[in-house]
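S.K.: Letter by letter, the sequence shown follows residues -27 to -1, 1 to 120 in mature numbering (1 follows the signal peptide of the UniProt record, and there is no 0). Before I ask anything, here is the structure I am working with.
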Amino acid sequence: MGCLKEPLGFMIVVALVLLHCSTLASSAWPSWPTWHVNIVNELNSEQTLFVHCQSKDDDLGEHNISVGTQYSFAFKDNIWGTTLFWCYLRKPNNSHADFDVYWVDNGKGYWLYTRCNWKTCIWIAKDDGIYIKDIPVNQDQLIHKWE
């Protein structure tokens, strides 16, 4: 009977140690930040903006957004550091733009992360093209002209 108690006691101790270590690891390990992308319709003349965003793994569907409103989505980077979202935007006159709205921005001066204030990327559709909101300086920067 003594032989049976020793392995059981050892297994209980190991289980408790593993449980304690996993609790410490989960509280010490940084969580992945949640990123937000907003597509804002600032077109003139009550023009509805068609928006279709996706990644390699997720098609977020087609949306029609009215002037003064926005389409938004949120996500976390994948563990491989390859997260990429792009969107296709179209005005009623069929002018369009197809561009990346989020990418893992490491090693190039953090161009995107800086403008997005490290959490929220705001893309704005205006009559002359697509702008990104440079949040820290509160300025819209033209990035893509309509095709």
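Cβ coordinates follow ideal geometry from the N, Cα and C atoms, glycine included.
So which of 40, 29 and 44 has the shortest CA-CA distance to residue 55?
M.R.: Here the closest residue by C-alpha is 29.
S.K.: Would you identify the three-state DSSP class for residue 39, choosing helix, strand or coil?
M.R.: Note: residue 39 maps to coil in three-state DSSP.
S.K.: In the DSSP assignment, the beta strand (DSSP E) including residue 75 goes from what residue to what residue?
M.R.: From DSSP, the beta strand (DSSP E) with residue 75 extends over 69 to 76.
S.K.: Tell me which residues share the same chain as residue 108 and place their Cβ nearer than 6 Å to its Cβ, disregarding the 5 neighbours each side in the sequence.
M.R.: The residues are 90.
S.K.: Of all the options 15, 45, 34 and 40, which has the alpha carbon lying nearest to the alpha carbon of residue 9?
M.R.: Cα-wise, what sits closest to residue 9 is 45.
S.K.: Determine whether the beta carbon atoms of residue 77 and residue 60 lie at a separation below 7 Å.
M.R.: Cβ atoms of residue 77 and residue 60: not closer than 7 Å.
S.K.: Using the three-state DSSP reduction, which class does residue 54 fall into: helix, strand or coil?
M.R.: Residue state, collapsed to three classes: coil.
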